[in-house]
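To convert, take the position in the sequence shown, counting from 1, and add 243; that gives the working numbering. Each residue gets a CB set at the ideal place from its N, CA and C atoms; glycine is no exception. Everything below concerns the one structure shown next.
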Amino acid sequence: MNRKSNGKKKKNILGKRSAYVRSCFPLTKVRRSRIHGRGVYAARLIRKGSRIIEYTGQRVQEKDAPDDKDNSHTFYFALSNGKVIDPVVDGNDARWINHCCEPNCEAIEQRSRIFIYAIRNIEPGEELFYDYSLQIDEPVNQRTKKQFACLCSSSKCRGTMLEV
Ligand SMILES: C[S@@+](CC[C@H](N)C(=O)[O-])C[C@H]1O[C@@H](n2cnc3c(N)ncnc32)[C@H](O)[C@@H]1O
Ligand SMILES: [Zn+2]
């Protein structure tokens with residue numbers, strides 16, 4: 244059947260189609276990182292200000308979270324209410340996002356939930372990073388900085404994932 248269409252209608256159809264494409268193709272993918280283990284990458288353009296992913300997981304009181312003081316590898320995300328998010332239970336891909344001292348994302352706490360936002364446009368294939376600014380119970384000194392050494396190699400690298 245031949246049907247006439249006006250420009251306006253066409254525009255609407257294309258708009259719907261791109262929203263459909265966005266919803267079908269994931270924003271991120273997980274693969275090996277040049278910095279550490281696995282990392283999370285942009286699967287398509289991520290615009291500045293976009294909410295990318297929530298850091299999900301079980302809430303545990305910080306004092307009850309098993310802690311290996313000699314191991315700097317951590318998946319816990321601290322909340323301001325004294326709990327930590329442990330992604331081992333109900334976690335998602337956000338757990339694989341690495342730290343960088345010159346990040347392209349930031350982690351924001353909203354009503355006891357953590358969301359990762361883009362702080363600039365991120366091109367497809369770029370690894371996602373936020374600044375962990377890790378807090379520890381011990382003093383921050385040369386030894387602990389080294390224990391939590393950062394391998395981001397950005398020009399702004401402070402040499403440690405700790406908050407200094
Ligand atoms: C939430 S995990 C991130 C995923 C991690 N790449 C993996 O495969 O397990 C956090 C851990 O990754 C490592 N990590 C992340 N960013 C790093 C960086 N810039 N330099 C060194 N180690 C890093 C540290 O061991 C950190 O405790
Ligand atoms: Zn660094």
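heavy atom of ligand 1 below 7 Å from residue i C-beta
i    : result
R338 : yes
T299 : no
R354 : no
I278 : yes
Rounded C-alpha distance that separates residue i from residue j
i    : j    : result
K272 : E297 : 14 Å
P269 : R338 : 16 Å
Q301 : S396 : 32 Å
K388 : H316 : 14 Å
T403 : C267 : 38 Å
S376 : L405 : 5 Å
Q353 : F320 : 13 Å
D333 : E305 : 17 Å
N314 : F391 : 9 Å
N335 : R401 : 28 Å
P382 : V407 : 10 Å
Residue i versus the options, residue with shortest Cα-Cα distance
i    : options                : result
S398 : V332, C343, E349, K388 : C343
I351 : R275, S293, V283, R274 : S293
D310 : L322, G300, V327       : V327
R290 : N314, G325, V283, I365 : I365
K312 : R386, I278, R356       : R386
Closer than 7 Å: residue i CB and nearest ligand 2 heavy atom
i    : result
R401 : yes
C393 : yes
S397 : yes
C343 : yes
Cβ separation of residue i and residue j, assumed to be a contact under 8 Å, to the nearest whole Å
i    : j    : result
P330 : F372 : Going by Cβ atoms, the distance from P330 to F372 rounds to 17 Å, so no, they are not a contact pair.
R287 : P367 : 5 Å
E370 : Y284 : 5 Å
N408 : I278 : For residue 408 there is no data in the structure shown, the boundaries of the chain being 244 and 407.
DSSP beta-bridge partners of residue i
i    : result
D329 : Q301
A285 : T271
Any C-beta of chain B under 8 Å from that of residue i
i    : result
Q385 : Absent here is chain B; the protein component of the structure consists of one chain.
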